[in-house]
C-alpha cells in the first residue's frame, strides 16, 4: 500500500534552497546549509523544537569528509536530543522516510534537508564508487560515460538524435531564466563532445547546494500553509545494478513507481523531472507518458542546477512550490539515483481545488 | 574577510572483497582466459554472471562457457581517458553481448576513432598480459571480423580459484575548511586561539564550526580565549601510534581554555604522566614553525576548583 490513507494526509508545506554555484569553498557544509534550514522554518513559523522528526540526505564521498552529516546537524540545533535520521542518498529518499514516519502517526511535522558539495572533488570519479565493486568500479567508468552509453542506445533505437537532445538542453535552461537559484540560466552552447554522443550542453553543471522542505500531517498542514501540496502518492523502485541486464532505452522502475504513486489515475499539469542528462528526459517522458500539455521542469531541472544529493529533493520542492503559489493543481515530482536512471522515486502532489 | 584556505586531501583505501561462488568462478576463468556465464532457470545466460537472478532473486549456480567474441550493443567515445580507466589513449566504452550470452558486459574497446565504432559491430577479447583474477584481466576488446571463438579449457577444473579481490580506490579532493574554521586557523598562525560565541545561548565554541549545535544558529562574534586553560579530563596513552614520535606513556587531555565553553584536546607535557589530574592549570607550548601548539604544560597555578569546569566535562 503506497497511497496515503485518507485519514492521514501529508503535505509539503514549505520549501527553500540555496543559490547553486560551481563552488562554495568559502563555506563549510553546515555554513552553506544553515540559511536554508532557517528559511524553511521561517516560512512556517516553526522552531526546531516544533519539529517532530528530522531526516537528511547527503554523501561523505562528495566532499571527502567523514561523518559530515553529523556536523551538518549543528545547523539544526539537535539539543535537547531530537528524533533524527539520515540516508546516504538524495534527499528525496529522506523525504520518503519522513513521509512514512508521519504516516505511522508518530510525528505530525518533519524537516527534510539535503546538501551536496561537488566542488572539493572530481564528481565524475566520485560517482564511480557507487557502482558494482567487482565488475564495474575497477574500470572507473565515470558518470558521463555511462550516461553516454544510454544516450547512444536511445539514438540507435530511433528514440532521439542530437538535435532533439540539444533542444531538451536549451528548453530547460531557458526555463531556468525564471529561477534565481539556478546555476545555468539561459542559453548555453552545446559545446564539444564530453563523451560522445553527449556534449557539454547535454550534461548538468557541477555545483554545490542545499535544499530543505517541511512536511506536515492533516490539520497541521493547513495551519502552516495556505495551500499545502498534499502527497497523494509516493513510491520508489530500483533496477538491476548490471547495466548490461537493463534496457537502457526504457525505465520500468519509473513506470512502476508512477503507477504505485497514482500518476496515471488523472493527468498532471506539471512535472519536475530529475534528469541530469538530456537523454534521460527522453526516457522519463516516455515512461511517465507525459503529453504536450504538461509543463516539464519549469525550474530548469537538473540541467540548470544539479547539487548532487539535493537535486531530487529540489524536484519535489519545486513541484510543491508551484502548488503553494497556485500555478499547479496536480504535479508530478521525480528523483533518480545511480547510473542511467537505475533507481527512481515518483511523487504526486495536489493542491485543494480553488 | 580572510582568503579561502585550501589543502590537497587524498582519500585512498584498498578495499578487500570476498567473492561468492559464481563471481569466484568468473574471475578465476578470466585469469585462465575463459569467460563463464550463469544460466537462469528460464534459460537466459548472464554475463557477467551474478549470484542471484536479477529478476526473480533466485540463487543461480549453473555456469556455462560463452564466447570470447561478441557484439557491441551500445557505445560511447571517450576522448579523454581518466585515471584508472582501462586504456590511456582515447577509446570507446562498450556494452558487449558475448556470443552465447543474453546480457552485456561493460568494458573498453580499443579502436582508432569514433568512426570505426558502431552498435552491432563484432569484437573480441584482448587479454591482459598479467592476470590476477579481476575484471581488468580483460585488457579491453578489439574489433574482430573472424569466426566465433571456441573455448578449450574447462573452468570447473581450474585449480587455485580466486576467492577475493583487492580493489584500490583513490579520490583526490581540495579541502577548504569554511568561514569559521578559516578564521580559527588564521588566528592560530599568530599564536592566538579564537572561538566564536553563539548569539542565542552565549556559549563560546573552540574550535568554532560556524554553528551552535545546541541552538542551530550561526556563530559569528569572535572571542579570543586562553591562552591558559584547565584539564577537565584525561587519559594515559600506553601504545605508540604509527608515525608519531612521542614517547609513551603520555597524557592526552581535554582542556577548557579560559573563556571557552567547550573543551579542546591536546597532549600534556612537562609533568610526569602519573601526576596529571583533573583541574590542572596548563598553557600552550609552541614550537617554531608549527601552526598549532605542540603540547600544553603546567602553569604552576593552584588547581582549578571542580565547580569552575564541571559543566565542561
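Chains as they are written, first to last, in this note's numbering: chain A, 948 to 1301; chain B, 188 to 500. The beta-carbon is built from N, C-alpha and C at its ideal position, and this holds for glycine as well.
Of the listed residues the options, nearest to residue i (C-alpha basis)
i, options, result
"residue 428 of chain B", "B/421, B/439 and B/420", "B/439"
"residue 973 of chain A", "B/315, B/364 and B/348", "B/364"
"residue 362 of chain B", "A/1237, A/1003, A/1018 and A/1066", "A/1066"
"residue 1205 of chain A", "A/1020, A/1040, A/1124 and A/1280", "A/1280"
"residue 307 of chain B", "B/315, B/330 and B/196", "B/330"
"residue 1210 of chain A", "A/1198, A/1006 and A/1236", "A/1236"
"residue 478 of chain B", "B/293, B/396, B/374 and B/407", "B/374"
"residue 202 of chain B", "A/1195, A/1287, A/970 and A/1080", "A/1080"
"residue 1263 of chain A", "A/1121, A/986 and A/1158", "A/1158"
"residue 535 of chain B", "B/437, B/215, B/426 and B/396", "Absent from the structure is residue 535 of chain B, since the part of chain B shown begins at 188 and ends at 500."
"residue 404 of chain B", "B/413, B/211 and B/392", "B/392"
"residue 1193 of chain A", "B/241, B/199 and B/490", "B/241"
"residue 297 of chain B", "B/285, B/316 and B/280", "B/280"
"residue 959 of chain A", "A/1042, A/1007 and A/993", "A/1042"
"residue 255 of chain B", "B/224, B/266 and B/274", "B/224"
"residue 482 of chain B", "B/457, B/285 and B/196", "B/457"
"residue 1299 of chain A", "A/1178, A/1130 and A/1286", "A/1178"
"residue 350 of chain B", "B/218, B/492 and B/431", "B/218"
"residue 956 of chain A", "A/963, A/1010, A/990 and A/1050", "A/1050"
"residue 1245 of chain A", "A/1116, A/975 and A/1122", "A/1122"
"residue 1284 of chain A", "A/990, A/987 and A/1038", "A/1038"
Nearest-angstrom Cβ-Cβ length linking residue i and residue j, presumed shorter than 8 Å
i, j, result
"residue 899 of chain A", "residue 1032 of chain A", "Coverage of chain A is limited to positions 948 through 1301, which leaves residue 899 of chain A absent and any answer about it impossible."
"residue 977 of chain A", "residue 1255 of chain A", "Going by Cβ atoms, the distance from residue 977 of chain A to residue 1255 of chain A rounds to 18 Å, so no, they are not a contact pair."
"residue 451 of chain B", "residue 442 of chain B", "6 Å"
"residue 1133 of chain A", "residue 1124 of chain A", "5 Å"
"residue 1181 of chain A", "residue 1294 of chain A", "4 Å"
"residue 1238 of chain A", "residue 1220 of chain A", "Their Cβ separation, rounded to whole angstroms, is 14 Å, which puts residue 1238 of chain A and residue 1220 of chain A out of contact at 8 Å."
"residue 980 of chain A", "residue 1024 of chain A", "Contact doesn't hold; Cβ gap of about 12 Å is too wide."
"residue 1174 of chain A", "residue 1200 of chain A", "Wrong, their Cβ atoms sit about 31 Å apart, outside the cutoff."
"residue 1296 of chain A", "residue 1251 of chain A", "The Cβ separation is near 21 Å, so there is no contact."
"residue 295 of chain B", "residue 274 of chain B", "5 Å"
"residue 1086 of chain A", "residue 431 of chain B", "That belief does not hold up - the Cβ atoms of residue 1086 of chain A and residue 431 of chain B are roughly 38 Å apart, past 8 Å."
Reduced DSSP secondary structure (H/G/I, E/B, other) of residue i
i, result
"residue 1221 of chain A", "coil"
"residue 188 of chain B", "For residue 188 of chain B, the predicted structure reports a pLDDT of 47, less than 50, and the residue's modelled location is therefore unreliable. A value from the coordinates is still provided. DSSP places residue 188 of chain B in coil when its eight states are reduced to three."
"residue 948 of chain A", "Because residue 948 of chain A carries a pLDDT of 42, less than 50, the predicted location of this residue cannot be relied on, and the following value inherits that uncertainty. If DSSP states are grouped into helix, strand and coil, residue 948 of chain A belongs with coil."
"residue 1233 of chain A", "helix"
"residue 1264 of chain A", "helix"
"residue 1102 of chain A", "helix"
"residue 1271 of chain A", "helix"
"residue 483 of chain B", "strand"
"residue 1160 of chain A", "strand"
"residue 383 of chain B", "strand"
"residue 1289 of chain A", "coil"
"residue 288 of chain B", "coil"
"residue 319 of chain B", "coil"
"residue 1227 of chain A", "helix"
"residue 279 of chain B", "strand"
"residue 369 of chain B", "helix"
"residue 246 of chain B", "strand"
"residue 1305 of chain A", "Nothing in the structure corresponds to residue 1305 of chain A, since chain A is present only between 948 and 1301."
"residue 1132 of chain A", "coil"
"residue 1113 of chain A", "helix"
"residue 354 of chain B", "strand"
"residue 1166 of chain A", "helix"
Q. Do three or more CB pairs link the stretch 240-255 of chain B to the stretch 266-280 of chain B at distances below 8 Å?
A. Judged by Cβ distances under 8 Å, the stretch 240-255 of chain B makes no contact with the stretch 266-280 of chain B, as fewer than three pairs qualify.
(Q) Within 8 Å, do at least three Cβ pairs link the stretch 1162-1170 of chain A to the stretch 253-262 of chain B? (A) A contact between stretches requires three or more CB pairs, one per stretch, nearer than 8 Å, and the stretch 253-262 of chain B fails this requirement with the stretch 1162-1170 of chain A.
Q | Entirely enclosed beta strand (DSSP E) segments - the stretch 402-473 of chain B, minimum 3 residues | A | Runs found: 408-412, 416-424, 437-444, 451-455 and 468-472.
Q. Taking the runs of the beta strand (DSSP E) that are 3 residues or longer, which of them lie wholly in the stretch 1032-1079 of chain A?
A. 1056-1064, all fully within the stretch 1032-1079 of chain A.
Q. When the Cβ atoms of the stretch 412-423 of chain B are set against those of the stretch 450-469 of chain B, are three or more pairs found closer than 8 Å?
A. Contact annotation: the stretch 412-423 of chain B touches the stretch 450-469 of chain B, with at least three C-beta pairs closer than 8 Å.
Q) Unbroken alpha helix (DSSP H) runs of length 4 or more, entirely within the stretch 956-1030 of chain A: which are they? A) Runs of the alpha helix (DSSP H) lying entirely within the stretch 956-1030 of chain A and spanning at least 4 residues, in chain order: 976-991, 1007-1010 and 1015-1019.
Q. Is the stretch 376-392 of chain B in contact with the stretch 344-362 of chain B, if contact means three or more CB pairs nearer than 8 Å?
A. No, they do not touch.
Q.
Quick check: the stretch 1007-1018 of chain A against the stretch 1232-1242 of chain A, are at least 3 beta-carbon pairs closer than 8 Å?
A. The stretch 1232-1242 of chain A is not in contact with the stretch 1007-1018 of chain A.
(Q) Three Cβ pairs or more, each shorter than 8 Å: is that satisfied between the stretch 1208-1215 of chain A and the stretch 1099-1107 of chain A? (A) With the cut-off at 8 Å, the stretch 1208-1215 of chain A and the stretch 1099-1107 of chain A do not touch.
Q. Is the stretch 1089-1096 of chain A touching the stretch 1130-1145 of chain A, taking contact as three or more C-beta pairs under 8 Å?
A. Contact between the stretch 1089-1096 of chain A and the stretch 1130-1145 of chain A is present, because at least three Cβ pairs lie under 8 Å.
Q. Touching or not, the stretch 1244-1259 of chain A and the stretch 1267-1284 of chain A, by the rule of three or more beta carbon pairs under 8 Å?
A. Short answer: they touch.
Q. Three or more beta-carbon pairs under 8 Å between the stretch 308-327 of chain B and the stretch 188-204 of chain B, yes or no?
A. Short answer: they don't touch.
**Q.** Segments of 4+ residues assigned as alpha helix (DSSP H) that fall wholly inside the stretch 1175-1218 of chain A
**A.** Runs found: 1199-1208.
Q. Within the chosen definition, does the stretch 199-218 of chain B reach the stretch 230-243 of chain B through at least 3 CB pairs nearer than 8 Å?
A. Output reads yes: the stretch 230-243 of chain B touches the stretch 199-218 of chain B.
Q) Does the stretch 382-397 of chain B come within contact of the stretch 990-999 of chain A, defined as at least 3 CB pairs closer than 8 Å? A) Pairwise C-beta distances place the stretch 382-397 of chain B out of contact with the stretch 990-999 of chain A, as fewer than three of them are shorter than 8 Å.
Q.
Within 8 Å, do at least three Cβ pairs link the stretch 221-235 of chain B to the stretch 289-303 of chain B?
A. In short, these stretches touch, since the Cβ pair count reaches three.
Q. Along the chain, which unbroken stretches of the beta strand (DSSP E) at least 3 residues long are found entirely within the stretch 206-268 of chain B?
A. Taken in chain order, the complete beta strand (DSSP E) segments of 3 or more residues contained in the stretch 206-268 of chain B are 222-226, 249-253 and 256-265.
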